[in-house]
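What follows is one structure encoded as structure tokens, with my remarks underneath.
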Amino acid sequence: MSGDDDLFTADDAATPLTPEERRDLIPTYVALRSELNEVEALNVAAGERWALSRKRDVLDEVILQRLHLRMFGDVWRWAGKYRSSERNIGVASHIVPVAMRQTIDDAKYWVEHKSWPSDELAVRFSHKLVSVHPFPNGNGRWSRLAGDLLAMQLGKPRLTWGSGSIASISDTRAAYVDALKEADDGDIAPLLAFARS
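This is the structure we're talking about:
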């Protein structure tokens, strides 16, 4: 079996799962990474349809957890539940609930006070969510959709997050991770540019 097909081999940009989290895989037929990617993509698409089916206040913690559940709940039993294990990124697991409430409160303040243009506000919200890294996995996909929903809530179109790029998926992902790292260091401009590329 090649590294690409090993079910739980994560690349440098993916969050590795603990053995306990791996046991929470729901589809019993999934044996290859490509199969996992396929079932997750189908579930994420279903989650997007749910999210876009009517207006939802994305600045609500219950909605954010439900969004993750809708995006990954057919694949993982832990979907929508905050992680209890530590990661090499994100806040300590015992701080996740507080960090999520703080992120939401910050975003509400930004919206109320028009701290930034709508696109930047949505990108900053997405970045802050992924920085908390509240779930065992799927944080990037979930936080980007949450950013999209906030942009739409503010009357803007969905962000594109590199989908307009002619680069390969791996190049697009690498550009996203690089832009996240720059945002972590205080420069939001590359992530904002990527979000509308």
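Residue 13 is where the sequence shown starts when you use my numbering, and the numbers rise one by one after that. For each residue, glycine too, the CB sits at the ideal point set by N, CA and C. Predicted model only: the values in this text are computed from it and were never measured.
- Residue state for Asp18 is assigned as strand, using DSSP reduced to three classes.
- For Asn149, there is no enclosing alpha helix (DSSP H), as DSSP marks it with neither H nor E.
- In the three-state reduction of the DSSP assignment, Trp88 falls in the strand class.
- Distance from the CA atom of Met164 to the CA atom of Leu171, rounded to whole angstroms, is 9 Å.
- Straight-line spacing of the CA atoms in Val51 and Gly85 works out to 11 Å.
- Distance from the Cα of Leu203 is smallest, within the candidate group Phe147, Gly150, Ile181 and Val135, for Val135.
- The segment 146–155 and the segment 90–109 touch, with no fewer than 3 CB-CB distances between them shorter than 8 Å.
- Cβ neighbours of Val103 within its own chain (closer than 6 Å, five residues either side excluded): Ala111 and Val144.
- Taking 8 Å as the cut-off, the Cβ atoms of Ser105 and Thr30 do not count as close.
- Classified as exposed, Pro109 has fewer than 16 neighbouring CB atoms from the shown chains inside 10 Å of its CB.
- DSSP lists no beta-bridge partner residue for Leu29.
- The count of Cβ pairs closer than 8 Å, one atom from the segment 126–141 and one from the segment 153–163, reaches three, so the stretches are in contact.
- Taking a contact to require three or more Cβ pairs closer than 8 Å, the segment 73–87 and the segment 117–127 do not qualify as touching.
- Asp160 sits buried, since 16 or more C-beta atoms from the chains shown fall within 10 Å of its C-beta.
- Annotated three-state conformation of Leu171 is coil, per DSSP.
- Inter-residue distance for Ala191 and Arg35 is about 32 Å (C-alpha atoms, whole angstroms).
- Residue environment analysis places Tyr188 among the buried positions, since at least 16 neighbouring C-beta atoms fall within 10 angstroms of its C-beta.
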